[in-house]
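Residue numbers (the numbering used here), protein chains in the order written: chain A, 601 to 713; chain B, 152 to 255.
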Amino acid sequence: MTSGESGVIGRGITIRGNVSGTEPLIIEGAIEGAISLESHLTIESSGKVAAEVEVETLTVNGTLEGNIRARQMVAIHAGASVVGTIAVPRVVIDEGAVFKGSIEMDFELPEGV
Amino acid sequence: MANTVIGASIVIDGEISGEEDLIVRGTVKGRITLRENLSVEQGGVVEADIETQNATVSGQVTGNIMASERVEISAGGKMVGDLKAPRILIADGATFKGNVDMDV
């Protein structure tokens, strides 16, 4: 367990619908629909997510398809497969990760640019 | 083996299905279909029709439960809906409103 209470969607579980909350969530199973968290979302290597995702921070080790909006950071690790659009201030894509889609880092452009 | 835990702040609106134990401390609306054990813990709120093997209710359930083995409403548990299971246990201190059908 990491800091605080952390929910786990195990690998035998499939959820179709909307998932929302304020605490960290670890996904080892499958989710189709939408995820809205005011916290950290981790998709483990066995996890399969096809959803609109809105979170604080996101770590992907598994499969993710959909549009991602993160308020802080998205990390796509080796072995992960992500298809979709990412809107976030900070992105890390490791070597060995697969990504197809667009990234929009919504930072403030300097004056006069 | 890691169970699935729906934490206290989590709200799920939709359908949950699976083949492993599920612990609900948050809120689930919709439908739950499991081949294992469902535990709605204290603080957990479920508004769903439930199909499972075993169910233990220490929180609140609104909906019908159909269990292939056993349903337990623990002390403090609140259940509104129909129960259908071969074995049903309602503890002293539990609140229940609905029909009970043990003839599966």
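Positions of the beta carbon are idealized from the N, C-alpha and C atoms, including for glycine.
Just checking my contact of B:G181 with B:G165 at CB under 8 Å: how many whole Å lie between their CB atoms?
Within the second sequence, numbered from 1, the residue matching residue 181 of chain B stands at position 30. Within the second sequence, numbered from 1, the residue matching residue 165 of chain B stands at position 14. Right, their Cβ atoms sit about 5 Å apart.
Under 8 Å from the C-beta of A:L625: neighbouring residues of chain B
Here residue 625 of chain A refers to the residue found at position 25 of the first sequence. G158 and I161, listed in chain order.
Would B:I167 pass as an interface residue toward chain A - the criterion being a Cβ-Cβ separation below 8 Å?
As a first step, residue 167 of chain B is located in the second sequence; it is residue number 16 there, counting from the start. Using a CB distance cut-off of 8 Å, B:I167 counts as an interface residue toward chain A.
A:N618, enclosing beta strand (DSSP E) - first and last residue
For the purposes of this step, residue 618 of chain A is taken as the residue at position 18 of the first sequence. Segment I613 to G621, the beta strand (DSSP E) holding A:N618.
A:G679 vs A:G701 beta-carbon contact at 8 Å
Translated into the one-based positions of the first sequence, residue 679 of chain A becomes position 79. Translated into the one-based positions of the first sequence, residue 701 of chain A becomes position 101. Not a contact, by the Cβ cut-off of 8 Å.
What alpha helix (DSSP H) runs, 4 residues minimum, are completely inside the segment 634 to 695 of chain A?
As far as the segment 634 to 695 of chain A is concerned, it has no whole alpha helix (DSSP H) run of at least 4 residues.
Can you find a CB in chain B that lies within less than 8 Å of the CB of A:S645?
Taking the first residue of the first sequence as 1, we reach residue 645 of chain A at position 45. At a cut-off of 8 Å, the C-beta of A:S645 has no neighbouring C-beta in chain B.
Any contact between the segment 182 to 189 of chain B and the segment 654 to 674 of chain A? By contact I mean 3 or more CB pairs, one from each, below 8 Å.
No contact exists between the segment 182 to 189 of chain B and the segment 654 to 674 of chain A.
Locate the beta strand (DSSP E) running through B:E166, then write down its first and last residues.
Taking the first residue of the second sequence as 1, we reach residue 166 of chain B at position 15. First-last of the beta strand (DSSP E) with B:E166: V162 to G169.
Can you give the beta carbon distance from B:I183 to B:A199, rounded, assuming they're within the 8 Å contact cut?
Stepping through the second sequence from its first residue, residue 183 of chain B is reached at position 32. Stepping through the second sequence from its first residue, residue 199 of chain B is reached at position 48. Between the beta-carbon of B:I183 and that of B:A199 there is about 5 Å, and that keeps the pair under the 8 Å contact cut.
Beta-ladder partner(s) of B:N205, from DSSP:
In the second sequence, residue 205 of chain B corresponds to position 54, counting from 1. Listed as beta-bridge partners of B:N205 by DSSP are B:N188 and B:R221.
Taking Cβ positions only, does A:R616 come closer than 8 Å to chain B?
Numbered from 1 along the first sequence, position 16 holds the residue referred to as residue 616 of chain A. Judged by the 8 Å Cβ criterion, A:R616 is in contact with chain B.
Between A:S681, A:L625 and A:V682, which lies nearest to A:T657 when the distance is taken from Cα to Cα?
Taking the first sequence and counting its residues from 1, one reaches residue 657 of chain A at position 57. Among A:S681, A:L625 and A:V682, the Cα nearest to that of A:T657 belongs to A:L625.
So B:L189 contacts chain A; which residues on that side make the cut at Cβ distance below 7 Å?
Against the second sequence, residue 189 of chain B aligns to sequence position 38. In chain order: nothing, as chain A lies at least about 11 Å away.
Would A:V682 pass as a contact of A:M705 if the rule is Cβ separation under 8 Å?
Within the first sequence, the letter at position 82 stands for residue 682 of chain A. Within the first sequence, the letter at position 105 stands for residue 705 of chain A. With contacts defined by Cβ atoms closer than 8 Å, A:V682 and A:M705 do not form a contacting pair.
Cut-off 8 Å between Cβ atoms - residues of its own chain near B:N243, not counting five sequence neighbours on either side:
Position 92 of the second sequence, counted from the start, is the residue given in the question as residue 243 of chain B. The question names Asn, yet the displayed sequence has Asp at residue 243 of chain B. If the five residues before and after B:D243 are omitted, its C-beta is found closer than 8 Å to the C-beta atoms of A226, all from its own chain and listed in chain order.
A:E632 by DSSP, collapsed to three states: which one?
Residue 632 of chain A sits at position 32 when you count from the first residue of the first sequence. Residue state, collapsed to three classes: strand.
Does B:R176 come out as helix, strand or coil in the three-state DSSP assignment?
As a working mapping, residue 176 of chain B is identified with position 25 in the second sequence. B:R176 carries a coil assignment under DSSP once its states are collapsed to helix, strand and coil.
Kindly list, in the order they appear in chain B, the residues whose Cβ is closer than 9 Å to that of A:G629.
The residue labelled residue 629 of chain A in the question sits at position 29 within the first sequence. Here the neighbours are T155, G169 and E171.
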